[in-house]
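Novice: Could you have a look at this structure, given as structure tokens, before my questions?
There are 2 protein chains.
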Amino acid sequence: MLSLNRKTDYALIALAYLADRGGQFASAREIAVAHALPLPLLMNILKSLNSRGIVRSTRGVRGGYQLGAALDRVSLYDLTLALEGAERASDRGEGEPECCGRYKIDASPMHGPVHAFHSRLRRFLQEAKLSDLVVPGRRIDVPVEHVVRRTKQKNGVSAVEMQVS
Amino acid sequence: MLSLNRKTDYALIALAYLADRGGQFASAREIAVAHALPLPLLMNILKSLNSRGIVRSTRGVRGGYQLGAALDRVSLYDLTLALEGAERASDRGEGEPECCGRYKIDASPMHGPVHAFHSRLRRFLQEAKLSDLVVPGRRIDVPVEHVVRRTKQKNGVSAVEMQVS
DNA sequence: TTGATATCGTACTAAATCGGTCCTATATTA
DNA sequence: TAATATAGGACCGATTTAGTACGATATCAA
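Going down the list, the sequences are from chains A and B.
Heads up: the first sequence at position 88 corresponds to 88 in our numbering, and the numbers run straight through without jumps.
Heads up: the second sequence at position 81 corresponds to 81 in our numbering, and the numbers run straight through without jumps.
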């Protein structure tokens with residue numbers, strides 16, 4: 001039906017991490033290590049988010065990801081859209097919002113409840129902004145064994161340098 | 001994560017049908033024929049709903065299902081609980097509401113967004129009552145080829161007698 | 001009392017999805 | 001030029017979903 005699965009959770013964790021970094025770049029590896037997430041999967045997720053503009057990416061040796069939009073401009077619905085598979089996206093006719101998928105709930109009045117349910121759920125997801133869930137300014141819990149050096153930024157935010165092996 | 005799938009839709013359709021029957025019994029077969037739903041699957045769904053008290057069942061030749069509770073007392077959350085598989089139910093520790101499933105989102109502060117998301121979703125489902133979705137008094141769309149006889153009840157509701165082969 | 005109809009409980013299966021991996025290519029920087 | 005990072009795929013095993021099957025039991029009607 002719609003992508004409310006583990007990927008959504010991992011995406012939220014990654015976005016919270018990026019929000020915490022305050023515009024700095026963080027690599028997929030860094031996030032994966034910090035939260036013990038499977039790296040290749042997290043990379044896929046970040047790729048999806050990037051292609052939808054939810055994060056921005058920079059390649060190369062000092063590259064990584066940063067937030068691509070203000071948290072209050074991105075909804076859970078945007079997130080699920082970004083994360084759902086290509087098959088899923090083709091269920092509904094291009095641009096048409098999430099409806100009944102590939103199986104046919106026809107327009108008969110008795111199917112009203114189904115449509116009402118789907119449309120309520122969609123509205124809920126659209127109204128839930130990332131800013132409501134991701135509270136910035138939290139401390140990142142970096143496993144101590146990976147921390148190489150802690151530095152103090154000029155803006156008062158403390159940064160960690162990590163060994164990511 | 002939680003059961004927002006085709007079963008949920010079928011259940012809503014069946015419940016709307018039952019609500020429309022105003023307390024009369026309707027058999028699984030009748031509902032399946034009326035809405036072209038796969039009968040064995042619908043039977044499983046109704047069994048699940050029955051075991052949770054959302055519908056009531058009576059066996060035998062004139063038996064079937066009727067609503068088991070007022071629509072405004074049953075939430076979408078109740079519905080998903082009734083429909084989720086046994087494995088799912090065992091994910092969370094008995095009575096504990098839907099949380100992070102079997103994979104461990106630990107208590108670290110960075111996982112707050114995940115918990116916030118899950119708890120918001122749960123609250124949404126709990127607050128959405130069937131009465132908000134299922135509008136009683138709708139006409140049932142019975143395929144005309146199955147209608148044997150239409151009768152007029154004393155309460156003004158018209159009933160159909162169907163050939164269900 | 002017997003047959004038809006209905007649910008109950010449980011087990012089963014094919015197909016789709018999910019969670020996760022891997023590989024090659026490309027971009028960036030030290 | 002080597003190291004590091006993302007981009008864009010294809011790929012795979014395990015789980016879940018959607019749907020089926022079947023024997024047992026309950027109810028009612030003829």
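Each residue gets a CB set at the ideal place from its N, CA and C atoms; glycine is no exception.
Could you compute how far the alpha carbon of V43 of chain A sits from the alpha carbon of H111 of chain A?
Specialist: Walking along the first sequence from the start, residue 43 of chain A turns up at place 43. Walking along the first sequence from the start, residue 111 of chain A turns up at place 111. It is worth fixing the name first, because residue 43 of chain A is Met in this sequence and not Val. Looking at the two C-alpha atoms, the distance is approximately 40 Å.
Novice: Taking Cβ positions only, does G112 of chain B come closer than 8 Å to chain A?
Specialist: For the purposes of this step, residue 112 of chain B is taken as the residue at position 112 of the second sequence. Chain A, which has a Cβ nearer than 8 Å to the Cβ of G112 of chain B, makes this yes.
Novice: Classify G95 of chain B: buried if its beta carbon has 16 or more other beta carbons within 10 angstroms, exposed otherwise.
Specialist: Looking up residue 95 of chain B in the second sequence gives position 95. Confidence at G95 of chain B is low in this model, with a pLDDT of 41, below 50, so its placement is unreliable and the value that follows should be read with caution. Flag for G95 of chain B reads exposed.
Novice: What span of residues does the beta strand (DSSP E) with Q24 of chain B cover, start to end?
Specialist: As a first step, residue 24 of chain B must be located in the second sequence, where it is residue number 24. Element bounds for Q24 of chain B: n/a, residue is neither H nor E.
Novice: Compute the Euclidean distance between the alpha carbons of D9 of chain B and V61 of chain B, then round it to the nearest angstrom.
Specialist: For this step, residue 9 of chain B is matched to residue 9 along the second sequence. For this step, residue 61 of chain B is matched to residue 61 along the second sequence. D9 of chain B and V61 of chain B: Cα-Cα distance of roughly 27 Å.
Novice: Under a Cβ-count criterion, where at least 16 other Cβ atoms within 10 Å of its own Cβ denotes burial, should P38 of chain A be classed as buried or exposed?
Specialist: If you number the first sequence from 1, residue 38 of chain A lands on position 38. By the 10 Å Cβ count, P38 of chain A comes out exposed.
Novice: Grab me the residues of Y77 of chain B's own chain with a C-beta within less than 7 Å of its C-beta, minus the 5 sequence neighbours each way, in chain order.
Specialist: Residue mapping note: residue 77 of chain B aligns to position 77 of the second sequence, counting from 1. Answer for Y77 of chain B: R122, L125 and Q126, listed in chain order.
Novice: Around the Cβ of S51 of chain A, are there at least 16 other Cβ atoms within 10 angstroms (buried) or fewer (exposed)?
Specialist: For this step, residue 51 of chain A is matched to residue 51 along the first sequence. Answer is exposed; the Cβ neighbour count stays below 16.
Novice: Between the C-alpha atoms of V74 of chain A and L133 of chain A, what's the straight-line distance to the nearest angstrom?
Specialist: Numbered from its first residue, the first sequence carries residue 74 of chain A at position 74. Numbered from its first residue, the first sequence carries residue 133 of chain A at position 133. About 11 Å.
Novice: Using a Cβ-Cβ cut-off of 7 Å (strictly less than) and excluding sequence neighbours within five positions of L49 of chain B, which residues of its own chain qualify?
Specialist: For this step, residue 49 of chain B is matched to residue 49 along the second sequence. Closer than 7 Å at Cβ, skipping near neighbours: A11, V55 and A82.
Novice: Output yes if chain B places a C-beta closer than 8 Å to the C-beta of I167 of chain A; else output no.
Specialist: Residue numbering for chain A in the displayed model covers 1 to 165; residue 167 of chain A lies beyond these limits and cannot be assessed.
Novice: Grab the span of the beta strand (DSSP E) containing L37 of chain A for me, first residue to last.
Specialist: Mapped onto the first sequence, residue 37 of chain A falls at position 37. Where L37 of chain A is concerned, there is no enclosing beta strand (DSSP E), given that its DSSP letter is neither H nor E.
Novice: Counting only the same chain and skipping the five closest in sequence on each side, list residues whose C-beta sits under 8 Å from that of G23 of chain B.
Specialist: For this step, residue 23 of chain B is matched to residue 23 along the second sequence. Here the set comprises Q66 and L67.
Novice: For the beta strand (DSSP E) that contains G64 of chain B, what are its first and last residues?
Specialist: By one-based count along the second sequence, residue 64 of chain B stands at place 64. Segment G64 to L67, the beta strand (DSSP E) holding G64 of chain B.
Novice: If you draw a straight line from the alpha carbon of A28 of chain A to that of P113 of chain B, how long is it in whole angstroms?
Specialist: Taking the first sequence and counting its residues from 1, one reaches residue 28 of chain A at position 28. Taking the second sequence and counting its residues from 1, one reaches residue 113 of chain B at position 113. Going by the C-alpha atoms only, they are around 18 Å apart.
Novice: Helix, strand or coil for V114 of chain A, going by three-state DSSP, please let me know.
Specialist: Here residue 114 of chain A corresponds to residue number 114 of the first sequence, with the count starting at 1. Here V114 of chain A sits in helix by DSSP.
Novice: Any C-beta of chain A sitting closer than 8 Å to the C-beta of R29 of chain B?
Specialist: Start at 1 with the first residue of the second sequence, and residue 29 of chain B comes out as number 29. With 8 Å as the cut-off, R29 of chain B does not count as an interface residue toward chain A.
Novice: Would A32 of chain A be called buried (16 or more neighbouring beta carbons within 10 Å of its own) or exposed?
Specialist: Numbered from its first residue, the first sequence carries residue 32 of chain A at position 32. Buried, by the Cβ-count rule.
Novice: For G124 of chain A and chain B, any beta-carbon pair shorter than 8 Å?
Specialist: Here residue 124 of chain A refers to the residue found at position 124 of the first sequence. Rather than Gly, the amino acid found at residue 124 of chain A in this sequence is Phe. With 8 Å as the cut-off, F124 of chain A counts as an interface residue toward chain B.
Novice: Does the beta carbon of L205 of chain A come closer than 8 Å to any beta carbon on chain B?
Specialist: In the structure as shown, chain A begins at 1 and stops at 165. Residue 205 of chain A is therefore absent and cannot be evaluated.
Novice: In the DSSP output, what is V55 of chain A paired with across the bridge?
Specialist: Residue 55 of chain A sits at position 55 when you count from the first residue of the first sequence. A:L67.
Novice: Leaving out five residues on either side along the sequence, give the residues of the same chain with a beta carbon under 7 Å from the beta carbon of G53 of chain A.
Specialist: Counting from 1 along the first sequence, the entry for residue 53 of chain A is found at position 53. G68 and A69.
Novice: In whole angstroms, what is the alpha-carbon distance linking F117 of chain A and G63 of chain A?
Specialist: In the first sequence, the residue the question calls residue 117 of chain A occupies position 117. In the first sequence, the residue the question calls residue 63 of chain A occupies position 63. About 42 Å.
Novice: Express the C-alpha separation of L18 of chain B and A26 of chain B in angstroms, rounding to a whole number.
Specialist: Stepping through the second sequence from its first residue, residue 26 of chain B is reached at position 26. Stepping through the second sequence from its first residue, residue 18 of chain B is reached at position 18. Roughly 7 Å separates the two Cα atoms.
Novice: Which partner residues does M7 of chain A have in the DSSP bridge list?
Specialist: Mapped onto the first sequence, residue 7 of chain A falls at position 7. Per the sequence shown, residue 7 of chain A should be read as Lys rather than Met. In the DSSP output, where bridge partners are listed per residue, K7 of chain A has none listed.
Novice: L41 of chain A and A14 of chain A - do their beta-carbons sit closer together than 8 Å?
Specialist: Here residue 14 of chain A refers to the residue found at position 14 when the first sequence is read from its first residue. Here residue 41 of chain A refers to the residue found at position 41 when the first sequence is read from its first residue. No, the Cβ-Cβ distance between A14 of chain A and L41 of chain A is not below 8 Å.
Novice: Just grab the DSSP bridge partners of S75 of chain B for me.
Specialist: Taking the second sequence and counting its residues from 1, one reaches residue 75 of chain B at position 75. DSSP lists B:K129 as partners of S75 of chain B.
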